[in-house]
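Chemist: Position 174 of the sequence shown, counted from 1, bears residue number 174 in the working numbering, the numbering being contiguous throughout.
Shown below is the structure under consideration.
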Amino acid sequence: MSIIVQKFGGTSVANADKIRAAAKRAVAAKQAGHQVVMVVSARGKKTDELVRLAAEMSEHPAAREMDMLLSTGEQESVSLMAMAVHSLGEKAVSLTGGQIGIITDSTFSRARIESISTDRIRKHLDAGEIVIACGFQGIDPEMNITTLGRGGSDTTATALAAALQADECQIYTDVEGVFTTDPRVVSEARKVSLLAYDEMLELASLGAGVMHSRSIEFAKKFCVPLRVRPSFDEGEGTLIANTGEQRMVAGLALARNEARVTLADLPDQPGVTSCIFACMAKRKIPVDMVVQNVAVDGKATVSFTVQEGELADTLTAANEAIKILGAGTIRSGTNVAKLSVVGAGMRNHSGVAAQMFHILLKKGINLQMITTSEIKISVLVERDRCDEALLAVHEGFCMETAGPQTPEIGIQQKTKSPECDQSEDQLLSRIVSKLAKMEDIVVSEVQLDESQSRVTLHHIPDVPGTCSEIFTTVANKNIMVDMIVQNVSDTGHAEVSFTVQRTDLENCLKLVEELASKWADATVSYEPEIGKLTVVGIGLRTHTGVGERMFKALADANINIQMINTSEIRMSAVVAADQGRTGFEVLNKAFNLVEEA
């Protein structure tokens with residue numbers, strides 16, 4: 001019999017009517033033939049109320065007693081939920097984290113799961129009962145109640161779904177699901193029926209906060225299908241699984257209040273980027289959209305965006321970096337916004353970037369910066385025109401419709417079937433191991449790609465349409481582009497670099513050299529063999545120490561960085577081909593990772 005895990009957050013169980021509505025959903029799932037496990041959070045503002053009460057008792061309450069207190073919020077919810085299920089004529093049992101079999105360490109308020117047992121849950125399920133489990137908590141070896149910290153209920157739900165090999169983990173929330181973009185800005189925004197894990201991770205990091213990013217990452221590792229469903233109606237919501245709708249673009253995001261900072265005339269040598277990131281991390285400044293293009297005449301340029309409110313501190317940190325390096329100039333600007341497109345389908349189509357650039361060209365919108373990842377393209381545009389840009393791209397990719405999406409530019413590649421390891425060998429220990437790893441670090445993987453070449457066009461016109469022409473020409477010849485980097489220009493000319501497979505380099509060079517010949521003073525350079533190093537994780541933008549650690553490790557190994565681009569879940573650097581393997585080893589060591597066979 002299939003197992004369904006249903007997680008209800010605080011707003012979904014805030015009062016008696018909502019508790020009864022949640023109970024009806026669980027009963028309906030059971031009567032449809034499923035075994036049902038509910039994971040329930042504390043009601044509404046209950047946790048805040050308990051925290052206030054604790055503050056009235058003591059200015060510094062003991063961590064153990066805080067866990068004992070806060071855990072009562074979930075215990076109240078699960079017992080009321082069991083009563084509601086009983087009133088509907090079904091059997092149910094409420095269980096605390098300790099009764100379930102979630103054993104943690106003794107780090108109160110942010111305990112780590114050390115073991116999970118499913119024996120008791122399976123016993124109750126086999127007896128025909130709906131199991132109602134406390135989220136957010138466990139028990140340590142001394143029988144003390146512990147809580148799991150931020151995102152704890154989502155973590156409980158996804159971990160139990162993985163351990164029970166559930167058919168689906170349903171996350172009930174106060175939204176209909178995940179939309180193609182913010183429906184408050186684009187009235188034609190459509191609810192997406194199916195998203196891939198990586199698409200949801202990118203969108204969650206960009207602000208689509210329907211659930212905790214760590215839970216999505218965990219579900220991805222164990223192929224747990226997640227469904228974000230509305231608690232207020234019968235909608236099916238959005239399923240997050242191993243593959244999405246396979247559309248070229250699944251969602252758009254807009255960050256309005258961005259500021260850009262450029263450090264130019266930097267020495268092209270190891271340690272420069274490390275110094276910049278160390279100065280930013282020292283002031284806890286979250287750096288976004290990092291771009292470094294290939295150095296010219298021995299001088300490198302690094303640009304990035306920050307929240308506009310962080311600009312003053314950022315400029316102070318940038319000046320510190322310039323003093324330490326003994327060289328460089330600083331430029332900044334505030335009238336900018338970041339527009340991002342996300343879609344797993346762009347892995348298998350050569351024309352998505354070109355199509356996006358062409359859409360913006362038709363509106364006369366210039367691209368100040370470009371950065372890409374495997375499934376995301378971000379561009380920096382004028383803030384005054386960002387809504388116009390968002391509407392144009394949404395319409396240009398026909399995102400308001402649920403049908404197939406075929407860009408006018410480029411060629412569809414063969415689709416690779418995703419792999420999913422569902423081995424049952426030592427499943428529970430693997431789950432616990434992954435949980436502990438996720439709580440230890442932000443970065444979950446380091447990758448090395450040694451199959452690519454780098455192409456750079458120098459001194460090209462910094463006007464709308466230049467990048468559209470370049471990447472349309474390349475895409476229509478069935479050449480897949482990976483990294484795209486365009487840095488800020490203030491000279492009327494721009495530099496754009498991109499990477500392609502080495503097998504495509506010769507054909508690509510013929511195309512771009514012909515293009516460059518049309519523009520006065522434009523030239524082309526290339527590197528036939530490069531190493532692309534990527535750190536993968538969650539929350540890379542908000543965790544200010546990730547970039548600092550990455551670039552310090554490379555600097556300490558005397559590895560110079562040729563190019564940088566970033567996304568919400570990836571940070572990539574191009575280095576010399578003969579330094580790729582060394583870089584891979586030092587990054588694994590820096591982030592305490594072990595290369596898996």
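Backbone N, C-alpha and C define an ideal beta-carbon position, used for all residues, glycine too.
Bear in mind that the values here come from a model prediction, so they are computed numbers and not experimental data.
#1: Distance check for F8 and K532, CA to CA, integer angstroms please.
#2: Mapping the DSSP letters down to three states, classify K518 as helix, strand or coil.
#3: Could you compute how far the alpha carbon of I359 sits from the alpha carbon of L70?
#4: Just verifying my parser: in three-state terms, what is the DSSP assignment at C398?
#5: What span of residues does the alpha helix (DSSP H) with S77 cover, start to end?
#6: Throw me the rounded Cβ distance for the L361 and V381 pair, which I believe falls under 8 Å.
#7: Quick check on F108: does DSSP put it in helix, strand or coil?
#8: Name the DSSP beta bridge partners of P461, please?
#9: Whose C-alpha, out of G492, D556, V474 and S453, is nearest the C-alpha of V574?
#10: From L457 to E495, what distance separates their C-alpha atoms?
#11: Would a C-beta distance cut-off of 8 Å place S373 and R570 closer than the cut-off?
#12: Mind reading off the beta-carbon distance from V524 to E513? Whole number of angstroms is fine, and I expect it under 8 Å.
#13: Beta-carbon separation of K284 and A317 under 8 Å?
#14: Establish whether the CB of C398 and some CB of chain C are separated by less than 8 Å.
#15: Short check: CB of R353 to CB of V481, under 8 Å?
#16: Just verifying my parser: in three-state terms, what is the DSSP assignment at N507?
#17: Given a cut-off of 8 Å on the beta-carbon distance, is the pair R227 and Q170 in contact?
#18: Can T314 and T262 be called in contact, C-beta distance under 8 Å?
#19: According to DSSP, is D154 part of a helix, a strand, or is it coil?
#20: Round the Cβ separation of T173 and A253 to the nearest angstrom and send it over; I've been treating them as touching at under 8 Å.
#21: Considering just the uninterrupted stretch of the alpha helix (DSSP H) at L361, what are its terminal residues?
#22: Return the Cβ separation of A196 and N144 in integer angstroms, given the expectation that the two are a contact with Cβ distance under 8 Å.
#23: Quick check for students: name the residue ranges of the alpha helix (DSSP H) that lie wholly in the segment 212–244, counting only runs of 4 or more.
#24: Counting only runs of 4+ residues fully inside the segment 520–563, write out the alpha helix (DSSP H) ranges in chain order.
#25: Could you have a look at N588 and say whether DSSP puts it in helix, strand or coil?
#26: On the CB-based measure, 16 or more other CB atoms within 10 Å of its CB, does T499 come out buried or exposed?
#27: Check whether the Cβ atoms of A159 and M81 sit closer than 8 Å, and answer yes or no.
#28: When the Cα atoms are used, what is the spatial distance from T334 to V393?
#29: Determine the direct distance from the alpha carbon of T466 to that of I479, and round the result to whole angstroms.
#30: Following the continuous alpha helix (DSSP H) through F304, name the residue where it begins and the one where it ends.
#31: With three or more C-beta pairs closer than 8 Å as the rule, is the segment 185–195 touching the segment 44–57?
#32: Among all the DSSP beta bridges, which residues are the ones paired with N565?
#33: Nearest by alpha-carbon distance to S274: which of G235, N558 and F591 is it?
#34: Is R549 near R383, with beta carbons less than 8 Å apart?
#35: Can you tell me whether L203 is helix, strand or coil according to DSSP?
#36: I'd like to check one pair, S187 with R260: are the Cβ atoms closer than 8 Å?
Modeler: In short:
#1: Along the sequence shown, one-based indexing puts residue 532 at 532. Along the sequence shown, one-based indexing puts residue 8 at 8. Whole-angstrom Cα-Cα distance: 42 Å.
#2: Counting from one through the sequence shown, the residue named residue 518 turns up at place 518. Coil.
#3: Position 359 of the sequence shown, counting from 1, holds the residue named residue 359. Position 70 of the sequence shown, counting from 1, holds the residue named residue 70. Roughly 51 Å separates the two Cα atoms.
#4: The residue you call residue 398 lines up with position 398 of the sequence shown. Looking at C398 - three-state DSSP - the assignment turns out to be coil, as it is neither helix nor strand.
#5: Working through the sequence shown from its first residue, we reach residue 77 at position 77. Here the alpha helix (DSSP H) through S77 covers A63 to S87.
#6: As a working note, residue 361 is residue 361 in the sequence shown. As a working note, residue 381 is residue 381 in the sequence shown. So it is not a contact: roughly 12 Å between Cβ atoms.
#7: Here residue 108 is taken as the residue at index 108 of the sequence shown, counted from 1. Three-state DSSP puts F108 in coil, outside helix and strand.
#8: Your numbering for residue 461 matches position 461 in the sequence shown. Bridge partners of P461 according to DSSP: H493.
#9: Working through the sequence shown from its first residue, we reach residue 574 at position 574. The shortest C-alpha separation from V574 is found at S453.
#10: Reading the sequence shown from its first residue, position 457 is the one you call residue 457. Reading the sequence shown from its first residue, position 495 is the one you call residue 495. Computed Cα separation, rounded: 6 Å.
#11: For the purposes of this step, residue 373 is identified with residue 373 of the sequence shown, where counting begins at 1. For the purposes of this step, residue 570 is identified with residue 570 of the sequence shown, where counting begins at 1. Yes, the pair counts as a contact, with Cβ atoms nearer than the cut-off.
#12: Position 524 of the sequence shown, counting from 1, holds the residue named residue 524. Position 513 of the sequence shown, counting from 1, holds the residue named residue 513. Correct: roughly 5 Å between the Cβ atoms.
#13: Here the question's residue 284 lines up with position 284 in the sequence shown. Here the question's residue 317 lines up with position 317 in the sequence shown. No.
#14: Of the protein chains in this structure there is only one, and it is not chain C.
#15: Start at 1 with the first residue of the sequence shown, and residue 353 comes out as number 353. Start at 1 with the first residue of the sequence shown, and residue 481 comes out as number 481. Residue 353 is actually Ala in this sequence, not Arg. Taking a C-beta distance under 8 Å as the contact criterion, A353 and V481 qualify as a contact pair.
#16: Stepping through the sequence shown from its first residue, residue 507 is reached at position 507. DSSP places N507 within a helical segment (H, G or I) once states are collapsed to three.
#17: As a first step, residue 227 is located in the sequence shown; it is residue number 227 there, counting from the start. As a first step, residue 170 is located in the sequence shown; it is residue number 170 there, counting from the start. Yes. Within cutoff.
#18: As a first step, residue 314 is located in the sequence shown; it is residue number 314 there, counting from the start. As a first step, residue 262 is located in the sequence shown; it is residue number 262 there, counting from the start. The answer is no: Cβ separation not under 8 Å.
#19: Taking the sequence shown and counting its residues from 1, the one referred to as residue 154 is at position 154. Looking at D154 - three-state DSSP - the assignment turns out to be helix.
#20: In the sequence shown, the residue the question calls residue 173 occupies position 173. In the sequence shown, the residue the question calls residue 253 occupies position 253. Rounded, the Cβ-Cβ distance is 19 Å, inconsistent with contact.
#21: In the sequence shown, residue 361 corresponds to position 361, counting from 1. Start and end: V352 to K362.
#22: Here residue 196 is taken as the residue at index 196 of the sequence shown, counted from 1. Here residue 144 is taken as the residue at index 144 of the sequence shown, counted from 1. At roughly 40 Å, the Cβ-Cβ gap does not stay under 8 Å, so A196 and N144 are not in contact.
#23: Segments of the alpha helix (DSSP H) lying fully in the segment 212–244: 213–221.
#24: Annotation note: the segment 520–563 contains the following uninterrupted alpha helix (DSSP H) runs of length 4 or greater, listed N- to C-terminal: 545–556.
#25: If you number the sequence shown from 1, residue 588 lands on position 588. Helix, per DSSP.
#26: Your numbering for residue 499 matches position 499 in the sequence shown. Looking at its Cβ environment, which holds 16 or more other Cβ atoms inside 10 Å, T499 is buried.
#27: The residue you call residue 159 lines up with position 159 of the sequence shown. The residue you call residue 81 lines up with position 81 of the sequence shown. In this structure, M81 does not lie closer than 8 Å to A159 by Cβ.
#28: For the purposes of this step, residue 334 is identified with residue 334 of the sequence shown, where counting begins at 1. For the purposes of this step, residue 393 is identified with residue 393 of the sequence shown, where counting begins at 1. Each residue's alpha carbon lies about 23 Å from the other.
#29: Here residue 479 refers to the residue found at position 479 of the sequence shown. Here residue 466 refers to the residue found at position 466 of the sequence shown. Those two C-alpha atoms are separated by around 18 Å.
#30: As a working note, residue 304 is residue 304 in the sequence shown. That residue, F304, is in no alpha helix (DSSP H); its beta strand (DSSP E) goes K299 to Q307.
#31: Verdict: no, contact absent.
#32: Here residue 565 corresponds to residue number 565 of the sequence shown, with the count starting at 1. Answer by DSSP bridge pairing, in chain order: S572.
#33: Stepping through the sequence shown from its first residue, residue 274 is reached at position 274. Among G235, N558 and F591, the Cα nearest to that of S274 is on N558.
#34: Residue mapping note: residue 549 aligns to position 549 of the sequence shown, counting from 1. Residue mapping note: residue 383 aligns to position 383 of the sequence shown, counting from 1. No, Cβ-Cβ distance for R549 and R383 is not below 8 Å.
#35: Working through the sequence shown from its first residue, we reach residue 203 at position 203. L203: helix per DSSP, three-state reduction.
#36: By one-based count along the sequence shown, residue 260 stands at place 260. By one-based count along the sequence shown, residue 187 stands at place 187. It is not a contact, given that the beta carbons lie outside the stated cut-off.
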